[in-house]
């Protein structure tokens, strides 16, 4: 496991910590509104933001290499976000099956 925790912030202000990819799937499958997901490990980070219950952006960042990539939210589902986040938590990499763009 690459990332030891992912911070999930709910619309009502509650915060949950997913310790692994199974936790992220369980937490995100709850019937609640999420405003952001933050996962950081060493120089790598991934942030997912939501607005009014829909995905507003995903950013993957490598501070050591000064790299930053984004995913356009159009066409992404909440299941996609769960897969992308679980993959990052396991590997620290951005999911290759999605069209990441340099930011």
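In my numbering, the protein residues as written are 770 to 872.
From the three backbone atoms N, C-alpha and C, an ideal C-beta is built for every residue, glycine too.
The Cβ atoms of residue 813 and residue 789 do not sit closer than 8 Å to each other. In this chain, the beta strand (DSSP E) harbouring residue 813 covers 813 to 820. Under the three-pair Cβ rule at 8 Å, the region 827 to 845 does not count as touching the region 781 to 801.
As computed with DSSP, residue 776 is found in a beta bridge with 786 and 807. With contacts defined by Cβ atoms closer than 8 Å, residue 793 and residue 855 form a contacting pair.
C-alpha of residue 858 to C-alpha of residue 843: approximately 23 Å in a straight line. Residue environment analysis places residue 786 among the exposed positions, since fewer than 16 neighbouring C-beta atoms fall within 10 angstroms of its C-beta.
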